[in-house]
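J.: Numbering (the working numbering), first residue to last: 68 to 629.
Got a structure here, written out as C-alpha cells. Questions coming.
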RNA sequence: UGGGGCGUCGGCAAAUGGGUAAGCCACGGGACUUUGGAUCCCGCAUGUGCAGGUUCGAGCCCUGCCGCCCCAGCCA
C-alpha cells in the first residue's frame, strides 16, 4: 500500500496520514466511528462518519463501527439500533466489524490487574466528593489519596472483591497511579473502574464494575488495530492519558488526531439539549423534521448524498466554527433540482373561474416532469373551468413590482393558457378574496403567446374537480437566532425556541398524479420548494413535509418594501 | 490564574523549503427564463487578531501583547 501514490492532502488530517505512510510509521489506514449509544446521531456525527469512512475509502483501508458502551446507566438498545440505521443510511460500510467496547471487558479487566501488578494502579476508598477535594484546582496541585500506596497484593485482592460484588456502588474505585500534581488534570490519578450495579444492554449483570471511557477508549482502538484515531478537540487533553495506558500495558499504539466539531446556525447540537427537546415535547421526537438529527433530516427529506456533499464542503480543521445552515439547505436544493420530479400543488388555495370556458370543460396537458432533465418525460395534468391557485398569487391592489394576478393583468397558467384577470369576488364579511375571475386566450394553448407577447409571470394551478387533498407541513428554523446559546439575561437557550418552527396546512390541493406518491418520494412543488412524503401518510391521508423552500426573490423584494 | 488548543472576507476554508491572499455559502447587481426557480456573467479581504522585528520580499520566520475555546464527572 505504501507503494501506491498517496491521495491529495486536502486537509490537515490527510496531511498527517500521508506523512505517517511516507515515514513508515503506519503501512495501512484503519479508522472507526465510536459513538456512545446514549442518544440519536446528529449532523455533527455525520461529519465524523464521513471523515472516518472517507479516510478508509481514500486510502483503501478499513472502517469499524464501535460502540463505546462503558456506561450502562445511560445506554440502551434503542440507541444502538438507531445509530446502526443512521450510519448505514449515510452510506458508511463497516462490513462485519460491528464492535463494542463491551466486547473487550475481559481483556480490559486483565490489563487492569496487570497495571496493579506493575504498581501503576491502586484501589482507592475515597468517596466521589473526597476524590474531587483531593484533585486540586486548575492552578493548585492535588493531594495524594491516603490509599495510594497500598501493596500490590492488597490492591489485587480489593480489586477482585470489587469485581465480585463485595462492596457497595461508589464505595471504591480503581485509579491509575500517575501524578497528583500534574498540570493536566486528566493525569491526576484518573479513575479506571467504578462500582456500578446497572444491567448492561449486552453483558447483562455479568459485571458490577465498569471501565471508564478514558480507560477503555484507547485500548479499544489498540485492540482493533486502528491506525488513526480521529476525535474531537475536547479529547486533546486526554491523549497523554491514552498514551500512558498503552505504554504502561505495552500494546500497539494508534495515532490520535483531533478536529473541531460541527456547529450549525439556528440549532443546538449537544445530545443533552436534543434529549431535552424530545423529553419536554418541544418537538415530536428524535426524528422530528426540525431536529438536526440524522433521523430528523431523513424525515425532512434530506438525501444521504446531500449530507455527504455538505460534509465534504465544510472541510475539516481545528478552528471552532459555526457553519451557516444555509449551506446545508443549498446542498439539498442543488441535488433535488437535478433529480426531483416537478408537480403542481396549491398550498393556500383560492378558486379561479375561467369565464369563457363552458361548464364541465376538461382537457389534459402534458407537462414536463423535470425541465433540468428532458429525458424524464412528461406527465398528464387535467385542466378545467375551475381551478385552485395560490392565494399569494392574487392581489386586488398590486404592490410595486408585483406582476402576478390582479384585475386587468395577464399571467400564464403553467403549461396551460394565458389568462387575464377580469375581477375578484370578495367575501362580504371579511373582505378577503373568495374567488378570482379570468378569461383564457384560447390561442395560447400550452402557454405559448400566439403573437409572442411577453407575460411577466407564470403561476401554478390545480384543477378543482381533479385535485387530491393533502396535509402539508412547513418548517422553519427551530430557533429564532443564529446562536441559541446567546440568551437574554436570566434566560436560557430554550427561550430562543421558534414558536413558528412548524406550520401545518390542511386542505392543500395537489395535482392528481401525486395521489400515487409513496413514502420516500421527493418532489419539487413548482415555485414552492422540495417536498417529501411523511411517514404519517396512510391510505386516504397524504402528508407532505417541505424539505426546503426554493429561493424566493419576490419574498426579498416584499420584505424590503416593508 | 496551571495545562491544552485556536485566531485569514458576513459564515466555512485554501495558500506547507517566505514570492506578493483559491474556492464555496451568504449578500448585491445584470442577462436569460413557460418555476420571481435553475443557469450564465459581474461585484464582494491594498488585506491575514494587535504591535514591533528579520528580509529585496512576511498570512507564513522571531519577540511581545490581545482575544476565543476546552479541562477541576466514579459522563463520553
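Here a beta-carbon is modelled for each residue, glycine too, at the ideal position from N, C-alpha and C.
1) Between which two residues does the alpha helix (DSSP H) holding residue 621 run?
2) First and last residue of the beta strand (DSSP E) that includes residue 499?
3) Does DSSP classify residue 400 as helix, strand or coil?
4) Give me, in chain order, the residues of the same chain whose beta-carbon lies closer than 7 Å to that of residue 169; leave out the 5 immediate sequence neighbours on both sides.
5) Kindly provide the ranges of any beta strand (DSSP E) runs that are 3 or more residues long and lie completely inside the region 441-525, ordered along the chain.
6) For residue 242 and residue 84, I'd like the C-alpha separation in whole angstroms.
7) Do residue 475 and residue 514 have their C-beta atoms closer together than 8 Å?
8) Give me the Cα-Cα distance between residue 571 and residue 538, rounded to the nearest whole angstrom.
9) For residue 69, count the other beta carbons within 10 Å of its own beta carbon; 16 or more makes it buried, fewer makes it exposed. Which is it?
10) Where do the ends of the beta strand (DSSP E) carrying residue 542 lie?
11) Where do the ends of the beta strand (DSSP E) carrying residue 98 lie?
12) Would you give the residue range spanned by the alpha helix (DSSP H) that residue 307 belongs to?
13) Does the Cβ-Cβ distance between residue 94 and residue 130 come in under 8 Å?
14) Taking all protein chains shown into account, do 16 or more other C-beta atoms lie within 10 angstroms of the C-beta of residue 395, making it buried, or fewer, making it exposed?
15) How would you label residue 624, buried or exposed, when you count the other beta carbons within 10 angstroms and need 16 or more for buried?
16) Whose C-beta lies closer than 8 Å to the C-beta of residue 522 among residues of the same chain, with five residues either side of it excluded?
17) Measure the alpha-carbon distance for residue 406 versus residue 440 and round it to whole angstroms.
18) Would you decide whether residue 72 is buried or exposed? Buried here means 16 or more other CB atoms lie within 10 Å of its CB.
19) Can at least three beta-carbon pairs, one atom from the region 560-577 and one from the region 524-539, be found at a separation below 8 Å?
20) Could you check where the beta strand (DSSP E) with residue 591 kicks off and where it finishes?
21) Please check the pair residue 341 and residue 335, which I expect to be a contact at CB under 8 Å, by giving their CB distance rounded to whole angstroms.
22) Identify the continuous alpha helix (DSSP H) that holds residue 548 and give its terminal residues.
23) CB-CB under 6 Å to residue 163, same chain, minus the five flanking residues each way: which ones, in chain order?
24) Tell me where the beta strand (DSSP E) around residue 416 begins and ends.
25) Specify whether the region 313-329 and the region 168-187 touch according to this definition: at least 3 beta carbon pairs, one from each stretch, less than 8 Å apart.
26) If you run the structure through DSSP and keep just helix, strand and coil, what is residue 105?
27) Along the chain, where does the alpha helix (DSSP H) that runs through residue 164 open and close?
28) Would you check if the distance between the CB atom of residue 329 and the CB atom of residue 258 is smaller than 8 Å?
29) So the candidates are 544, 535, 339, 192; which of them puts its Cα closest to the Cα of residue 633?
30) Evaluate residue 104 with the Cβ neighbour count: other Cβ atoms within 10 Å of its Cβ, from every protein chain shown; 16 or more gives buried, anything less gives exposed.
31) Thinking C-beta only, is residue 375 closer than 8 Å to residue 599?
32) Would you call the region 551-561 in contact with the region 501-509, where contact means no fewer than 3 C-beta pairs closer than 8 Å?
33) With a 10 Å radius around its C-beta and 16 neighbouring C-beta atoms as the bar for buried, classify residue 283 as buried or exposed.
34) Determine which residues share a DSSP beta bridge with residue 267 and list them.
35) Since residue 131 sits in a beta bridge, which residues does DSSP pair it with?
T.: In this structure, then:
1) As a first step, residue 621 must be located in the first chain, where it is residue number 554. Looking at the DSSP string, the run of the alpha helix (DSSP H) that includes residue 621 is 620-628.
2) For the purposes of this step, residue 499 is identified with residue 432 of the first chain, where counting begins at 1. Counting along the chain, residue 499 falls outside any beta strand (DSSP E), and DSSP gives it neither H nor E.
3) Here residue 400 refers to the residue found at position 333 of the first chain. DSSP places residue 400 in helix when its eight states are reduced to three.
4) Counted from its first residue, the first chain places residue 169 at position 102. Contacts found: 136, 267, 269, 270.
5) 445-451, 453-457, 477-480, 485-493, 500-507
6) Residue 242 sits at position 175 when you count from the first residue of the first chain. Residue 84 sits at position 17 when you count from the first residue of the first chain. C-alpha separation (whole angstroms): 34 Å.
7) Position 408 of the first chain holds residue 475. Position 447 of the first chain holds residue 514. No, they are not a contact pair.
8) Within the first chain, the letter at position 504 stands for residue 571. Within the first chain, the letter at position 471 stands for residue 538. Going by the C-alpha atoms only, they are around 7 Å apart.
9) Position 2 of the first chain, counting from 1, holds the residue named residue 69. Below a pLDDT of 50, predicted positions are generally treated as unreliable, and residue 69, at 44, falls in that range; the measurement from the model is reported next regardless. Classification of residue 69: exposed, given that the 10 Å Cβ count is below 16.
10) Along the first chain, one-based indexing puts residue 542 at 475. Element bounds for residue 542: 535-542.
11) As a position in the first chain, residue 98 is number 31, starting the count at 1. Unbroken beta strand (DSSP E) run through residue 98: 97-100.
12) Residue mapping note: residue 307 aligns to position 240 of the first chain, counting from 1. Here the alpha helix (DSSP H) through residue 307 covers 306-316.
13) Here residue 94 is taken as the residue at index 27 of the first chain, counted from 1. Here residue 130 is taken as the residue at index 63 of the first chain, counted from 1. Cβ distance not < 8 Å, so residue 94 and residue 130 don't count as in contact.
14) For the purposes of this step, residue 395 is taken as residue 328 along the first chain, with counting starting at 1. Counting every other CB atom within 10 Å of its CB across the protein chains shown gives residue 395 a total of 16 or more, marking it as buried.
15) Taking the first residue of the first chain as position 1, residue 624 is located at position 557. Classification for residue 624: exposed.
16) In the first chain, the residue the question calls residue 522 occupies position 455. The answer, listed in chain order, is 477, 478, 479, 485, 516.
17) Numbered from its first residue, the first chain carries residue 406 at position 339. Numbered from its first residue, the first chain carries residue 440 at position 373. Approximately 8 Å, taken between the alpha carbons.
18) Your numbering for residue 72 matches position 5 in the first chain. So residue 72 counts as exposed.
19) Yes, they touch.
20) In the first chain, the residue the question calls residue 591 occupies position 524. 589-592 is the extent of the beta strand (DSSP E) around residue 591.
21) Here residue 341 is taken as the residue at index 274 of the first chain, counted from 1. Here residue 335 is taken as the residue at index 268 of the first chain, counted from 1. That pair is a contact at about 7 Å.
22) Walking along the first chain from the start, residue 548 turns up at place 481. Run containing residue 548: none; DSSP gives neither H nor E here.
23) The count along the first chain starts at 1 and reaches residue 163 at position 96. Counting only Cβ-Cβ distances below 6 Å, and skipping sequence neighbours, we find nothing.
24) Working through the first chain from its first residue, we reach residue 416 at position 349. Unbroken beta strand (DSSP E) run through residue 416: 416-421.
25) yes
26) Start at 1 with the first residue of the first chain, and residue 105 comes out as number 38. Looking at residue 105 - three-state DSSP - the assignment turns out to be coil, as it is neither helix nor strand.
27) The residue given as residue 164 occupies position 97 in the first chain. Segment: none, residue 164 is in no alpha helix (DSSP H) and carries neither H nor E.
28) Within the first chain, the letter at position 262 stands for residue 329. Within the first chain, the letter at position 191 stands for residue 258. No.
29) Residue numbering for the chain in the displayed model covers 68 to 629; residue 633 lies beyond these limits and cannot be assessed.
30) Walking along the first chain from the start, residue 104 turns up at place 37. Flag for residue 104 reads buried.
31) Along the first chain, read from residue 1 onward, the residue named residue 599 stands at position 532. Along the first chain, read from residue 1 onward, the residue named residue 375 stands at position 308. Not a contact, by the Cβ cut-off of 8 Å.
32) no
33) Reading the first chain from its first residue, position 216 is the one you call residue 283. With 16 or more other Cβ atoms within 10 Å, it is buried.
34) Counting from 1 along the first chain, the entry for residue 267 is found at position 200. Residue 267 pairs with 271.
35) Along the first chain, read from residue 1 onward, the residue named residue 131 stands at position 64. 99, per the DSSP bridge assignment.
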